[in-house]
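Chemist: Position in the sequence shown (first residue = 1) + 519 = the numbering used here.
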Amino acid sequence: MFKTDLVVTHLVGTGSYRLKEALIYAGSDLVVIPEGFIFDGASVPQIFTNLFPKSGARYDRAACLHDWLYATQTISRKEADDLFLEAMKTDGVGTITRRTIYRAVRMFGWFAWQKVRKDEANKLIDSLAA
Numbered sequence: 520m521f522k523t524d525l526v527v528t529h530l531v532g533t534g535s536y537r538l539k540e541a542l543i544y545a546g547s548d549l550v551v552i553p554e555g556f557i558f559d560g561a562s563v564p565q566i567f568t569n570l571f572p573k574s575g576a577r578y579d580r581a582a583c584l585h586d587w588l589y590a591t592q593t594i595s596r597k598e599a600d601d602l603f604l605e606a607m608k609t610d611g612v613g614t615i616t617r618r619t620i621y622r623a624v625r626m627f628g629w630f631a632w633q634k635v636r637k638d639e640a641n642k643l644i645d646s647l648a649a
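1. Classify residue 607: buried if its beta carbon has 16 or more other beta carbons within 10 angstroms, exposed otherwise.
2. Going by DSSP, what residue range makes up the alpha helix (DSSP H) through residue 615?
3. Tell me, please, whether the CB atom of residue 629 is closer than 8 angstroms to any CB atom in chain D?
4. Quick check: residue 610 and residue 582, are their CB atoms within less than 8 angstroms of each other?
5. So within the region 548-608, which uninterrupted alpha helix (DSSP H) runs reach at least 4 residues, ignoring any that extend past its ends?
6. Which of helix, strand or coil does DSSP assign to residue 525?
7. Go ahead and label residue 534 buried or exposed: buried means 16 or more other beta carbons lie within 10 angstroms of its beta carbon, across all protein chains shown.
8. What are the boundary residues of the beta strand (DSSP E) that includes residue 545?
9. If contacts are defined as beta-carbon pairs under 8 angstroms, then residue 600 and residue 560 qualify, I think. What distance do you get, rounded to the angstrom?
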């Protein structure tokens, strides 16, 4: 379950958000997403945004968590996707919605996962810790 609210600043013209406060998730793993982390909400293809909005949905905190886990790669992709599913459930995302989103990240998330290089992940962690 999330221990904190999602407090963000919308970065105008980018479709991205910056955390104004740390986001803390304490489920099967404890994850602290530091203030300053920039994420883009749920990665939903434009054609499906009427059904699954990129932001402003019950899964916003889980999407931020998932983006952090993909950006830092401190756990495996499967573990990151499973935590995303768990977080959506604890935030009350409906069964059909969360299972649909989970299946989509399991099928297509490999592309985003592979875009991150390990040295970039380490730099991100270091820069936000400073």
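Ideal placement from N, C-alpha and C gives every residue a C-beta, glycine not left out. Nothing here was measured: the structure is a model prediction, and the numbers come from that model.
Modeler: With the given structure in hand:
1. buried
2. 614-634
3. Of the chains in the structure shown, none is chain D; there is only one protein chain.
4. no
5. 579-591
6. coil
7. exposed
8. 542-545
9. The pair is not a contact, with the Cβ atoms about 17 angstroms apart (cut-off 8 angstroms).
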